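Q: This structure is in structure tokens; I'll ask about it shortly.
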Amino acid sequence: MKRFLSMYWFFFLPLILVILIFAGFWFLRSRLQDDSIPVGLDFPGNRVMFVFPHPDDEITCAGTLKALNRQGKETILITLTRGEAGTTNGLVDESDPVRKKRELGQLRSRELESVSELLDIDRLEIFDFPDSGIKDIPAEVLKSVIEEKIDRYQPSVIITYDDKIGLYGHPDHVAIARYVKEIFESNKGRNNFPVQRLYQITLPRPMIETAMQISDYFKQNYPTLTENGLPSPTLAVKITEFGAYKRDAMLLHRSQRSTFDDMQPYFDRFPPSLYFRIFDKEYFARVE
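Residue numbering for the sequence shown follows my numbering, starting at 1 and increasing by one per position.
Structural data, given as structure tokens:
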């Protein structure tokens, strides 16, 4: 009998542990995701343009970028600063502030170029507008740059941040999103304007509530009033099969490791096939 019980536990204990682990993952997923949001990636046209202020902003939709690539869509990434005001993770000497900014901007540009190769982004353009100083640049200057890129690349869809809080309150995010939205709303429907849809990156309410508990960025910057927060998602993109690309893209942004540890905790502590069954969607709000 003892031998039978020993064999029983030998075979079934690992199975029980696996079941408990998967049950825990599914419980966490149910606390984070909103399955009422329509899932899909039915974008019109063949080109999608992403407009962001900083290297690493593309991580918010890295799974979607890779999914579009898999569909055969052409992807264009416009990044308006080199991120020279960000964290260094000890990779740049900070003793000289001027040199630190120059070298960090160069490093972050190289990091973004590596991510662009990983995600098979077709066109990448990086500009030299000041990181955390977008508000000091005349709106007409930045809007003219964005309009020129729309005219050059003729995207059917543009994706950027939301224009209310820029995901978690960064003023550069808000400014660029506002300019993109103003361009879209002023020109949509015109025969010579190619953009048919504008999407803003957002999060579902359960994920926001969790972020408010664990993320310092959200705790410090996210508005307490719900009506002042992120727009409600109208579209979710399933990214589970592209999770490894998203993880590797975060790892390539070595200088920004502390940011990802705050915003996407434990992203490299679990296999992507498990982790991105919890964080299995990226969310967007369509601007009508």
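Using N, Cα and C, we set each Cβ at its ideal position, and we do this for glycine too.
Keep in mind it's a predicted model, so treat the numbers as computed, not measured.
Over the uninterrupted alpha helix (DSSP H) stretch that includes R269, give me the two end residues.
A: Here residue 269 refers to the residue found at position 269 when the sequence shown is read from its first residue. It is not in any alpha helix (DSSP H) - R269 carries neither H nor E in the DSSP assignment.
Q: If we count the other Cβ atoms within 10 Å of its Cβ and call it buried at 16 or more, is D151 buried or exposed?
A: As a working note, residue 151 is residue 151 in the sequence shown. Exposed, by the Cβ-count rule.
Q: Using a 10 Å radius around the Cβ and a threshold of 16 neighbouring Cβ atoms, would you call Q106 buried or exposed?
A: Residue mapping note: residue 106 aligns to position 106 of the sequence shown, counting from 1. Flag for Q106 reads exposed.
Q: For Q200, count neighbouring Cβ atoms within 10 angstroms of its own Cβ and tell me buried if that reaches 16, exposed if not.
A: The sequence position of residue 200 within the sequence shown is 200, counting from 1. By the neighbour-count rule (16 or more Cβ atoms within 10 Å), Q200 is buried.
Q: Would you tell me roughly how many angstroms separate the C-alpha atoms of E185 and L104, rounded to the nearest one?
A: Walking along the sequence shown from the start, residue 185 turns up at place 185. Walking along the sequence shown from the start, residue 104 turns up at place 104. For E185 and L104, the distance between alpha carbons rounds to 35 angstroms.
Q: From what residue to what residue does the alpha helix (DSSP H) around E84 run?
A: Mapped onto the sequence shown, residue 84 falls at position 84. Careful: E84 lies outside any alpha helix (DSSP H) and carries neither H nor E.
Q: Should R99 be labelled buried (16 or more other beta-carbon atoms within 10 Å of its own) or exposed?
A: The residue labelled residue 99 in the question sits at position 99 within the sequence shown. With fewer than 16 Cβ atoms within 10 Å of its Cβ, R99 is classed as exposed.
Q: Taking just the CA atoms, how far does E94 sit from G86?
A: Here residue 86 is taken as the residue at index 86 of the sequence shown, counted from 1. Here residue 94 is taken as the residue at index 94 of the sequence shown, counted from 1. Going from the Cα of G86 to the Cα of E94 covers about 12 angstroms.
Q: May I ask you to list the residues that DSSP assigns as paired with M49?
A: To locate residue 49, count along the sequence shown from 1; it is residue 49. Answer is I76 and I158.
Q: Determine the burial state of F4: buried for a count of at least 16 other Cβ atoms within 10 Å of its Cβ, exposed for fewer.
A: Position 4 of the sequence shown holds residue 4. Note that F4 scores 48 on pLDDT, short of 50, meaning its location in the model is unreliable and no value can be drawn from it.
Q: Under the three-state reduction of DSSP, which class applies to L274: helix, strand or coil?
A: As a position in the sequence shown, residue 274 is number 274, starting the count at 1. Helix.
Q: Who are the near neighbours of Q196 in its chain, counting only those whose CB is closer than 6 angstroms to its CB and skipping five residues on each side?
A: What you label residue 196 is simply residue 196 of the sequence shown in a count that begins at 1. P44 and S156, listed in sequence order.
Q: Using beta-carbon positions only, say whether Y275 and V237 come within less than 9 angstroms of one another.
A: Within the sequence shown, numbered from 1, the residue matching residue 275 stands at position 275. Within the sequence shown, numbered from 1, the residue matching residue 237 stands at position 237. Cβ atoms of Y275 and V237: not closer than 9 angstroms.
Q: Beta-carbon within less than 7 angstroms of K181's beta-carbon, same chain only, minus the 5 sequence neighbours each way: which residues are those?
A: Taking the first residue of the sequence shown as position 1, residue 181 is located at position 181. Contacts found: D163, L198 and V287.
Q: Assuming P206 contacts D34 under a Cβ cut-off of 8 angstroms, what Cβ separation, rounded to an integer in Å, is found between them?
A: Start at 1 with the first residue of the sequence shown, and residue 206 comes out as number 206. Start at 1 with the first residue of the sequence shown, and residue 34 comes out as number 34. Between D34 and P206 the Cβ distance is about 6 angstroms, and since that is below 8 angstroms, they are a contact.
Q: So what's F4 in DSSP terms, helix, strand or just coil?
A: Here the question's residue 4 lines up with position 4 in the sequence shown. Its pLDDT being 48, under 50, F4 is placed unreliably in this model, and the value from its coordinates should be taken loosely. Here F4 sits in helix by DSSP.
Q: What's the call for A175, buried or exposed, on a 16-neighbour Cβ count within 10 Å?
A: In the sequence shown, residue 175 corresponds to position 175, counting from 1. Buried, by the Cβ-count rule.
Q: Could you please give the first and the last residue of the uninterrupted alpha helix (DSSP H) stretch that includes Y294?
A: This structure does not reach residue 294, given that the chain is present from 1 up to 288, and the question cannot be answered.
Q: Taking DSSP as the reference, what is the three-state secondary structure of V180?
A: The residue given as residue 180 occupies position 180 in the sequence shown. DSSP places V180 in helix when its eight states are reduced to three.
Q: Since K281 sits in a beta bridge, which residues does DSSP pair it with?
A: Mapped onto the sequence shown, residue 281 falls at position 281. Answer by DSSP bridge pairing, in chain order: K238.
Q: Quick one: what's got a C-beta closer than 7 angstroms to R247's C-beta in the same chain, skipping five residues either side?
A: Translated into the one-based positions of the sequence shown, residue 247 becomes position 247. For R247, where only same-chain residues beyond five positions count, the Cβ hits under 7 angstroms are F267, D268 and P272.
Q: Can the beta-carbon of R108 be found closer than 9 angstroms to that of P55?
A: In the sequence shown, residue 108 corresponds to position 108, counting from 1. In the sequence shown, residue 55 corresponds to position 55, counting from 1. Cβ distance < 9 angstroms, so R108 and P55 count as in contact.
Q: Under 8 angstroms by Cβ, that's how I've got E111 and S255 pegged, so tell me the actual separation to the nearest angstrom.
A: The sequence position of residue 111 within the sequence shown is 111, counting from 1. The sequence position of residue 255 within the sequence shown is 255, counting from 1. With a Cβ gap of about 7 angstroms, E111 and S255 count as contacting.
Q: Which of the three DSSP states is assigned to I59 in this structure?
A: Position 59 of the sequence shown, counting from 1, holds the residue named residue 59. Of the three classes helix, strand and coil, the one that applies to I59 here is helix, per DSSP.
Q: Applying the 10 Å Cβ sphere with the 16-neighbour rule, what's the burial state of S258?
A: Residue 258 sits at position 258 when you count from the first residue of the sequence shown. Classification of S258: exposed, given that the 10 Å Cβ count is below 16.
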